[in-house]
Every structure is written in C-alpha cells, then in structure tokens.
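J.: When we follow the working numbering, the leftmost residue of the sequence shown carries the number 44, and every step to the right adds one. Note that CB positions come from ideal geometry on N, CA and C, so glycine has one too. Only a predicted model underlies this, so the values are computations on that prediction, with no experimental measurement involved. Before anything else, here's the structure in question.
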Amino acid sequence: MTTLDAPLMKVVGPKAAKKLAALDLHTAGDLLRHYPRRYAQRGELTDLVGLAEGEYVTVMAEVEKVQGRKITRRPGYLLEVVVTDGRGRLTLTFFGTGARVPERELPPGTRGLFAGKVSFYRSGNGIKRQLVHPEYKAVDSREGADAAREFAEELIPVYPATKGLTSWQIGDCVRMALDTVDVGPDSLPETVRQRHRLLGLAEAYQGIHRPADMAEAGRARKRLKWDEAFVLQTALARRRRDAAALRATPRPPSKDGLLAEFDGRLPFELTAGQRDVGEEIAADLAREHPMHRLLQGDVGAGKTIVGLRAMLQVVDAGGQAALLAPTEVLAQQHHRSIVTMLGPLAEAGRLGGAEHGTRVALLTGSQGAKARRAGLLDAASGTAGIVVGTHALLQEHVQFADLGLVVIDEQHRFGVEQRDALREKATGGRPHVLVMTATPIPRTVAMTVYGDLDTSSLTQLPAGRSPIATHVVPSANRAYWNRAWERIREEVAQGRQAYVVCPRIGEAEGEESDLTAGDPETEGRRPPLAVLDVAPKLSEGPLHDLRIGVLHGRLHPDDKDAVMRRFAAGEVDVLVATTVIEVGVDVPNATVMVILDADRFGVSQLHQLRGRVGRGRYAGLCLLVTDADEDSKARERLDAVASTLDGFELSRLDLEQRREGDVLGETQSGRRSSLRLLTLLRDEEIIKAARAEAGALVEQDPELTEHPALAAELAALIDEERAEYLEKT
C-alpha cells in the first residue's frame, strides 16, 4: 500500500504518470480527487443532438453504419462510422491505412465509448457533427438475462480528459490507485461525520469512483464536498480568530464635528438603508479592532455618500481617510464630487473655508510636479483629512500622518498586494477598511457567503433616480440597428446626451475592457469594435450633425478630464468611449447608452456601464447591440441583463458562469479553483453548516493539536504563499 502524497509514477507507472501530469495530477491524492464529471450507464446512450462545436466529449453510442472507401488523394483511404443514440447521429472519421483497424473493431450494432473534439461540416442540405480520429472503446455484451441487466445498469464514470488521455484511461489509473492507496486518518472529525451522517473518506473515494448506483455516488459527493467546505472554513475561522486579536485606533463619532455639519448641509434626506448602514460602519470604526466590511449596493444606491460619511467620522476623530479608485477618471470624479459636496468644509485654512473644515487631496500618476508636491505634503502633514487617488497612493514615498480608514472603490480592480501596500501605510495599528462594489464579483460573493467579511447592503435607490429600460438589439437586423441611432438623435433633440461604448480603443493589444477572452463563442470572429473606428463613422453617418467626443484610457489625463468636463457641461452630445466610464461617472443629463458588441463584456460590466444613464429625472435607456446567435450562451447573458436591474441577482448569474475563483489564492476569474465539487450557489447549506462546525472546533482547539489529520490537510491547502495571502487579505 502507498499514501495519498505518493508520486503517481509509483502508482500507475511513468508513462501514465507523464500523461496525467498534463491535467496537473502529480500524486495519488491528486488522482483520487480528479472526480468524474458525470456517469454514463451502459443501457443509456448519450444525447448527440446537444453536442457543441469545439467541445471535447466522451459519448456512448451505437454503431449504425460503417463505410470505407479508397480516395485518389493521400492518405488513400477514408472510413466513416456513423453512430447514433436513436435520435441524433455523429460521424466518426478515420483516414489512412490505420482506418482498417476501427473498420474491423466497430461493426454495426457495436456499443462503445467515443472521445474526441466535435467539429461541424456541411453535407447535402444540412450541418453534421463529426469526431476526427476519435479514441474509442467497444463495450462488450454479456450472456444471460441477469448478467445482461446488471451489465446494462453499471455506471461508467466519465472524467474530465484531455487530448491523448481518454476518460477510460483515467478510470483505469483511478482503479489502480483505489486498489493500492491507503487514504490514512480521516481529516473530518468523527463527531462531525456522525452528526451529519457522512461517509468515511476511504468509503467516499470508492463511492464516487466505483458507485453501485447514483445514490451511492450522491452520498460520496456530499462527503467530499464537506471535506472542501470544512477545511476552507477552518482556515477562515482561524483567520477570524487572529484578526480579532489585531489592534486598531478607535475612531468614535463626534456630536458636533465635520460629519454633523455635513449632514446638516445635505440638500436631501438619506434613505433608511443609508442611515442603517452608516450606523453599522460608525460602530465598527469606534472599536479597537480593524473593521473589514464590504458595502455592496446596486448601481446608484448611494454608496459614495455612505463612504464619505465614514471618512468624515475618522477625520473628526483626528485621523485620515484614503479613497482608492481604479482609474484616473474615477479618482478625479470622486475628488470633484467630494469637494463639491463638502463645500466650505473642504477648504480648511483657505479664504471662505469652514472653521472645522479639512482638505481633500488628489494624487494620481500623471499629475504635474507642483500639484503632486502639494498633495504629498497635505497627506504627510495631515492637512488633508481625505486623500483620493489611484495606484499612485501605493507608492513608497506617499506618506500619511495618521491613516485611519482605507476606502476601496470597486475592489475587484485591485489585487491583494495593492490593497495591502496601502494598509501598511498606517502607523497606529491596522487601519479600518471599507470595500465598496456595485455588483459583487464571484470571489467577493463567495467570501461573503463563506462568512469572512462583514457585509452591508444598500438595496433602496435614493429619491430622484429614474428607471433604466434595457433592450437587446440584433445588429444583423438593419431596422433595429438604424433605430438605435434614431433614439440617440431623439434624446439629443430634447436637450439630453448619450454614450456609445466600444470594447476596445483601436489596437489589438492592451485593451481596457473585461472581454470574454478564451471564450469559444468569440474565437474566430472579427475583432471587437473600436472607439477610434466607430467615432468617425458616426460623425460621417447616422450622427453626422451632433457634437461627438471621444474618451479612452490612452488619452492624456488632462485631455480625459477636459472631455469629461465638456460632457458634464453639456458641450458634447454623444460620448464615444471604452469602459473608462464604467464606474463613478455621474452626468445626470445622459439618458441613453448604446453598447456595441455587448456580448464581448461580462455581466457585471454591462450592469455597471448602464448605471451611467438614468441618473437624473429622465428615464434611462440602454441598448445592447450584438451579433450573437439567439440560442447562444452570449445571447442568454444579454437577455438576463435586459430582464433585471437587480445587481445582486446578476452577481449570482455571473458566479454561475465564472465560478468562485480560488478563495484562498490570487485567482479571481474563477478559471482555476481549489474547490473541485463545492459550488457556492448549490451548496450554501453545506457551507453554513461547515462554518458552524469549524468555528466551534477552532474555538476549542485553535492550534488543531487534537486534530493532526485536519492540521495536515490545512497545511497542504495553505502553502506559504497562500498563508501570506490570507494574512494580507
């Protein structure tokens, strides 16, 4: 017998181990945790009609027709084997003299497993599916009624595979591992297993790889999901316990300071949600332990005012607050809006400034030397109670007199290393941290449900916000296409303004948008539309007599600021832009947005973009222009965005499509994950139960001295890099 950490070479031999390494499987434990994607039953054939082009599949089907023929061009022989599930058909195509082998081994009536990449080809009047040179394995029949029935009901695990390594080859390796590996002591405490009626680990591995029936496979999956949830929750429970021991300078509210004066000057009433969330944050800031709170609110819910009130509370208590924005456009917008909202309260020491005021400094990478020196001095001396900036705030020479609060706008734009660099600038213990986002990205949603962040939600829109109607516009329909530009002209004729958003600036590399890179739906298509191409065509075509401005990330910051100022002042009718306008840009007179190649953007990004219209007393209109087919996943995404304005609902859709990401690592896209079976949306109950169990265990045994198997599992999950990541997060 061998152990879970044994190299695969010792378990399956060097040749198979080399192939398995292509799937990032290196140890016996890696292989046993490479779980079946689904199960095929010998008596049930795979639905062939639903196979998608470009998909690598393993199907079970029956040979219907075999036809081989000589061809004049090389390689001289062509074999076509047609397999069926009773409804659909799939052609297996083999070339060359080697095609004689499958011709002998796959006579009509043979059932088998066939693996390969699906391609489409035109034949006669229709499109047919084929696998070229697929791997195959014939499934033999058995004699006797009982034996045949048992054989037909047997489950065949279908594993995620790759080119040169079929599902059944992986299955053979797994069987070798199951027969030779000792899984060792169980990391899930026996009391937890008994309370939740869970299988033992060895039994679970057998049950998921060699199930007698689907019920056994289900029990095994539940146990192994618990493993993932419990180890993760133990890591987070220990982190929460450690965080509770950190110190922060309390920043209690003041009855007659800046915040009270600011509230008295507000020309509108705060919503009930804004008041409630403000009280939660105020209580956190008054404590001796650092706040780490996520403020999630839908587009336009008024997060900025909540964040500003928190910053003013810290300034009242003698500290400073830093607001980190992802782009220069947004940093400048935040700076302007905060200075405008504070009025004389932002002019401390200046003529006309309020007696109890402060300063609001701006620091960006492209500032002139004089403005930058002034901002750095105001931050270091404490003259500026609020410092707004981009990544420039993270540079070593930026110092604060007493940094008490870090407010991060749209946190998914910043990596953990960047956020940590800003927090390290605090001198009196850890600063409090407030993270704001309009549509939680998958990893943030995951961390929230896993219980690692304190969460506040704004669901009520402030008075005066208008509804936004969203429609999908198929670009192939010229009538719809022309109508989109007519709507812009109609709005401008009534004195209002519009945005036209493009996925890229004008060159192929280094674009700003969250394009669906690597998506099979976008491969082989034309390049996405670009601002520098679209703007002149609109000026010469459907919007020829309107005032058109251009905005993108490669403009000089002064030029970007000038364009935004002109647009805000109503001197530009239509702003053709990239996603540089995605967050924070507030022009109440803008009522219509046309997003070109909308299927090239993510769900969250589309929701953020359309939030730029309908910000005043006029209703907003967002048109999602696409050439995606009606039955495609891309079109499904757009229809979902058009069907709801609920950012929280859309975040769940985003999570379903992108998954949670690696909760303990730096990946946020969701493509790589340490979670193999556990999924956030379907397994919330398991996650909650595991959190309660892990919290109780860590409370009783924080060093896990009584649970060595769990401690070892935790050490394997959280290597040195991830431990450092957890500490910084």
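(1) Who are the Cβ neighbours of Pro585 in its own chain at under 6 Å, not counting the five residues just before and after it?
(2) Using the three-state DSSP reduction, which class does Pro293 fall into: helix, strand or coil?
(3) In whole angstroms, what separates the C-alpha of Leu208 from that of Tyr179?
(4) Does the Cβ-Cβ distance between Ala397 and Glu304 come in under 9 Å?
(5) Hey, is the region 275-289 in contact with the region 720-735, meaning 3+ C-beta pairs nearer than 8 Å?
(6) Under 8 Å Cβ to Cβ from Arg330, same chain only, skipping five residues before and after it: list those, please.
(7) Near Val299, what residues of its chain come up, given a Cβ to Cβ distance below 7 Å and the 5 sequence neighbours on each side ignored?
(8) Assign Cys216 to one of three DSSP states: helix, strand, or coil.
(9) DSSP three-state call for Val382: helix, strand or coil?
(10) In its own chain, which residues sit with a C-beta less than 6 Å from the C-beta of Ala733, not counting the 5 before and 5 after it?
(11) Could you tell me the alpha carbon to alpha carbon distance between Ala64 and Val656, rounded to whole angstroms?
(12) With C-beta atoms as the reference, is Leu688 less than 9 Å away from Pro510?
(13) Excluding the five sequence neighbours on either side, which residues of its own chain have a C-beta within less than 6 Å of the C-beta of Asp640, listed in chain order?
(14) For Val431 versus Leu406, is the C-beta spacing smaller than 9 Å?
(15) Give the range of the beta strand (DSSP E) segment to which Tyr164 is assigned.
(16) By the DSSP assignment, the alpha helix (DSSP H) with Ser424 in it spans what residues?
(17) Let's test the definition: count the other Cβ atoms within 10 Å of the Cβ of Lys206 and tell me whether it reaches 16, buried, or not, exposed.
(18) Do Phe157 and Val102 have their C-beta atoms within less than 9 Å of each other?
(19) Indicate the three-state DSSP secondary structure (helix, strand or coil) for Thr205 in the structure shown.
(20) Under the rule that 16 or more other beta-carbon atoms within 10 Å means buried, what is Ala536, buried or exposed?
(21) Would you say Arg172 and Leu91 are within 9 Å of each other, going by their C-beta atoms?
(22) When the distance is taken between beta carbons, is Glu736 closer than 9 Å to Arg238?
(23) Strictly by DSSP, which residues pair up with His335?
(24) What separation, rounded to the nearest whole angstrom, lies between the Cα atoms of Asp697 and Asp341?
(25) Tell me whether the beta-carbon of Leu446 lies closer than 9 Å to the beta-carbon of Lys468.
(26) Going by other Cβ atoms of all chains shown within 10 Å of its Cβ, with 16 needed for buried, is Phe644 buried or exposed?
(27) If you check the beta carbons only, do Val574 and His595 fall under 9 Å apart?
(28) The alpha helix (DSSP H) that contains Met44, what's its start and end?
(29) Evaluate contact between the region 116-127 and the region 69-86, counting only Cβ atoms and requiring at least three cross-stretch pairs below 8 Å.
(30) With H, G and I counted as helix, E and B as strand and the rest as coil, what does DSSP make of Arg715?
(31) In whole angstroms, what separates the C-alpha of Arg281 from that of Ala739?
(32) Can you give me the Cβ contacts of Glu781 inside the same chain, cut-off strictly under 7 Å, excluding the 5 residues immediately before and after it?
(33) Less than 8 Å between the CB atoms is what I'm expecting for Thr426 and Arg402, so what's the real figure, rounded?
(34) So which of Leu753, Ala759, Ala758 and Leu757 has the shortest CA-CA distance to Val235?
(35) Please classify Thr470 as buried or exposed, where buried requires at least 16 other C-beta atoms within 10 Å of its C-beta.
(36) Going by CA-CA distance only, name the one from Arg539, Pro254 and Arg240 that's closest to Glu197.
T.: If we stick to the structure as given:
(1) Along the sequence shown, one-based indexing puts residue 585 at 542. Counting only Cβ-Cβ distances below 6 Å, and skipping sequence neighbours, we find Trp528.
(2) Stepping through the sequence shown from its first residue, residue 293 is reached at position 250. It is coil, neither helix nor strand.
(3) Numbered from its first residue, the sequence shown carries residue 208 at position 165. Numbered from its first residue, the sequence shown carries residue 179 at position 136. About 11 Å.
(4) Indexing the sequence shown from 1 puts residue 397 at position 354. Indexing the sequence shown from 1 puts residue 304 at position 261. Cβ atoms of Ala397 and Glu304: closer than 9 Å.
(5) yes
(6) Taking the first residue of the sequence shown as 1, we reach residue 330 at position 287. Cβ neighbours of Arg330 beyond the five flanking positions: Ala291 and Pro293.
(7) Locating residue 299 in the sequence shown gives position 256, where the first residue counts as 1. The question names Val, but residue 299 in the sequence shown is Asp. None.
(8) Locating residue 216 in the sequence shown gives position 173, where the first residue counts as 1. Correct three-state label for Cys216: helix.
(9) The count along the sequence shown starts at 1 and reaches residue 382 at position 339. The answer is helix: DSSP assigns Val382 an H, G or I state.
(10) Looking up residue 733 in the sequence shown gives position 690. Result list for Ala733: Ala272, Phe273 and Gln276, in chain order.
(11) Reading the sequence shown from its first residue, position 21 is the one you call residue 64. Reading the sequence shown from its first residue, position 613 is the one you call residue 656. Cα to Cα, Ala64 sits roughly 50 Å from Val656.
(12) Taking the first residue of the sequence shown as position 1, residue 688 is located at position 645. Taking the first residue of the sequence shown as position 1, residue 510 is located at position 467. Yes; because the gap between Cβ atoms is below 9 Å, this pair is in contact.
(13) Locating residue 640 in the sequence shown gives position 597, counting from the first residue. Pro546, Pro571 and Leu572, listed in sequence order.
(14) Counting from 1 along the sequence shown, the entry for residue 431 is found at position 388. Counting from 1 along the sequence shown, the entry for residue 406 is found at position 363. Contact: yes.
(15) The sequence position of residue 164 within the sequence shown is 121, counting from 1. Taken as a continuous stretch (DSSP letters only), the beta strand (DSSP E) holding Tyr164 covers Arg154 to Ser166.
(16) On the sequence shown, position 381 is the one that residue 424 refers to. Ser424 -> alpha helix (DSSP H) spans Ala412 to Ser424.
(17) On the sequence shown, position 163 is the one that residue 206 refers to. Flag for Lys206 reads exposed.
(18) As a first step, residue 157 must be located in the sequence shown, where it is residue number 114. As a first step, residue 102 must be located in the sequence shown, where it is residue number 59. Closer than 9 Å, so yes.
(19) For this step, residue 205 is matched to residue 162 along the sequence shown. DSSP places Thr205 in strand when its eight states are reduced to three.
(20) Reading the sequence shown from its first residue, position 493 is the one you call residue 536. Exposed.
(21) In the sequence shown, the residue the question calls residue 172 occupies position 129. In the sequence shown, the residue the question calls residue 91 occupies position 48. Cβ distance < 9 Å, so Arg172 and Leu91 count as in contact.
(22) Counting from 1 along the sequence shown, the entry for residue 238 is found at position 195. Counting from 1 along the sequence shown, the entry for residue 736 is found at position 693. Cβ atoms of Arg238 and Glu736: closer than 9 Å.
(23) Within the sequence shown, numbered from 1, the residue matching residue 335 stands at position 292. Bridge partners of His335: Val476.
(24) Locating residue 697 in the sequence shown gives position 654, counting from the first residue. Locating residue 341 in the sequence shown gives position 298, counting from the first residue. Spanning the two alpha carbons is a distance of roughly 15 Å.
(25) Your numbering for residue 446 matches position 403 in the sequence shown. Your numbering for residue 468 matches position 425 in the sequence shown. Yes.
(26) By one-based count along the sequence shown, residue 644 stands at place 601. So Phe644 ends up on the buried side.
(27) Counted from its first residue, the sequence shown places residue 574 at position 531. Counted from its first residue, the sequence shown places residue 595 at position 552. It is a contact, given that the beta carbons lie within the stated cut-off.
(28) Reading the sequence shown from its first residue, position 1 is the one you call residue 44. Here Met44 belongs to no alpha helix (DSSP H), and DSSP marks it neither H nor E.
(29) no
(30) One-based indexing of the sequence shown puts residue 715 at position 672. At Arg715 the pLDDT is 44, less than 50, meaning the model places this residue with poor confidence; the figure from the coordinates comes in the next sentence. Coil.
(31) The sequence position of residue 281 within the sequence shown is 238, counting from 1. The sequence position of residue 739 within the sequence shown is 696, counting from 1. Approximately 11 Å, taken between the alpha carbons.
(32) Since the first and last residues shown for the chain are 44 and 772, residue 781 lies out of range.
(33) As a first step, residue 426 must be located in the sequence shown, where it is residue number 383. As a first step, residue 402 must be located in the sequence shown, where it is residue number 359. Contact holds; Cβ gap of about 5 Å.
(34) Counted from its first residue, the sequence shown places residue 235 at position 192. Checked all of Leu753, Ala759, Ala758 and Leu757; the closest Cα to Val235 is Leu753.
(35) Counted from its first residue, the sequence shown places residue 470 at position 427. That one is exposed.
(36) Locating residue 197 in the sequence shown gives position 154, where the first residue counts as 1. Of Arg539, Pro254 and Arg240, the residue nearest in Cα terms is Pro254.
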